[in-house]
Amino acid sequence: MTSATSASPRVTTYDELMARARAGELGPDPAALRIAVAFTTRQAVRHTGRGTGYRNEVLSLRLAEAVGSCAVEPGTLPDSAVEDCVGVDLARLLEHPLLPVRVAALDAYLMHVTPHTPDNGARPVSLPAGTSLEKSRARARAVVELLDLPPGATVLVIGVVNSLLEALRSRGMAYVPCDLKGGATEWDEKVVTDASAEAGRCDALLVSGMTLGNGTFEPLREHALRNGKQLVMFAQTGSAVLPRLLGHGVSAVCAEPYPFFWLDGGPGTLYRYRADGAGGSR
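Quick note: the sequence shown uses UniProt numbering, first residue 1, plus one each step.
Here it is in structure tokens:
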């Protein structure tokens, strides 16, 4: 099987990946490719039976058949960002002053070059139709299954999703919930805000792709690589970006390109990758 990382020049850091994309070393010249459609998706949710809710906002860029996405904190993306991207070539967007635009552009480019197919190392996982909570729980199970840990292990969860915490609890794992917004979990557990202060006492890291868009991903990748820890990414943001870093700190990725599971009640598909090749790319 040809994997997403072995089919092209290997990269070891996000910055190197971005530099090679800008130079056209990973596929077509980005200056020759233009974004046809740019849009944002805004969502507020409180699943039936849950006491807390949350909001999402995602910037997405359409390149031919591919859509690249980057989540942002709701309300932080200027309205002008969408218009800035339409009809603009990828080379310019990969240099855009806003980090979320650069991440979405890179994701669209890599989705265009190496889509989520078996030849590129992806293993599809079907999500059944269902309520928002049913689909959230199914997604969470698919993510948590990528962790190779015994009961009693402690996982640092960055980007708190209650269904992920619930899935960890069902497997007898402890966790430290971490999110820049702070707050509390569904079970009234304190959500810490400083990942670097907590990573050392955890056995593995379960991390949202949103860390690409807020600039906090690389220290986490470096920590996992330096300490030999599993780093599993659940990625709506950068679903085509993170598989390129498998084996360089990232141990597995559950990639979820647009449209995301929370957009409708029908069936969907996730794509899993593993650095060891057991569940995807290597």
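Note that CB positions come from ideal geometry on N, CA and C, so glycine has one too. Computed from a predicted model, the values in this text were never measured in an experiment.
The bridge partners DSSP lists for residue 222 come to none. Burial is judged here by how many other beta carbons sit within 10 angstroms of a residue's own beta carbon; residue 29 has fewer than 16 and is exposed. With respect to the C-alpha of residue 267, the residue from 60, 194 and 135 having the closest C-alpha is 135. Taking 8 Å as the upper bound for CB-CB distance, residue 199 and residue 206 are not in contact here, some 12 Å apart. Exclusion of the five residues before and after residue 62 leaves 36 and 37 as the residues of its chain whose Cβ lies within less than 6 Å of its Cβ.
Counting the other CB atoms within 10 Å of its CB gives residue 83 a total below 16, which places it among the exposed residues. Three or more Cβ pairs closer than 8 Å define a contact, and the region 210–220 falls short of that threshold against the region 187–194. Around the beta carbon of residue 45, fewer than 16 other beta carbons sit within 10 angstroms, so the residue counts as exposed.
Measuring C-alpha to C-alpha distances from residue 210 to each of 59, 107, 249 and 72 identifies 72 as the nearest.
DSSP, reduced to helix, strand and coil, places residue 135 within a helical segment of the structure shown.
When the alpha-carbon of residue 162 is set against those of 147, 152 and 132, the nearest one is in 132. Under the three-state reduction of DSSP, residue 271 is assigned to strand.
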